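For the sequence shown, our numbering begins at 14 and goes up steadily by one. Just below is one structure, and these are the notes that go with it.
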Amino acid sequence: MLVFDIPLHPPGDTWHVNQPDGRCHSFDGRHAAVTFAAKLAARLDSTEGGAYLSIEGEDGKWRLFTPELKAPLRN
């Protein structure tokens with residue numbers, strides 16, 4: 014399972030999305046980082062046993078989302 018972390022306010026105001034192959038993509042805006050991570054997670058979802066986004070909210074809590082940016086189903 015892969016999880017891409019997207020903080021609310023990263024150090025230096027640059028959001029980084031690391032790929033499993035070691036490449037890192039940098040973004041000046043959070044929306045661009047979330048969009049890229051969601052597309053990457055969708056592409057890798059079936060090959061990596063699941064891929065999710067963990068996004069920090071304004072309340073400081075981290076929440077897990079599917080590549081479609083929906084909350085995952087709970088058992």
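For each residue, glycine too, the CB sits at the ideal point set by N, CA and C. Treat the numbers as computed from the prediction; the structure is a model and nothing was measured.
Residue i burial status per 10 Å Cβ neighbour count (16 or more: buried)
i   : result
P80 : buried
A46 : buried
A51 : buried
One or two residues paired with residue i in a DSSP bridge
i   : result
P18 : The question names Pro, but residue 18 is Asp in the sequence shown. D18 is bridged to S67.
Inter-residue Cα distance where the pair is residue i and residue j
i   : j   : result
A64 : R76 : 14 Å
K83 : F49 : 16 Å
P33 : L15 : 8 Å
H29 : A55 : 18 Å
E71 : S59 : 30 Å
Rounded Cβ spacing between residue i and residue j (contact assumed at less than 8 Å)
i   : j   : result
I19 : L53 : Actually they do not touch by this definition, with Cβ atoms about 12 Å apart.
request  = Taking only runs that begin and end inside the segment 34-78, name each unbroken alpha helix (DSSP H) of 4 or more residues, in chain order.
outcome  = 43-57
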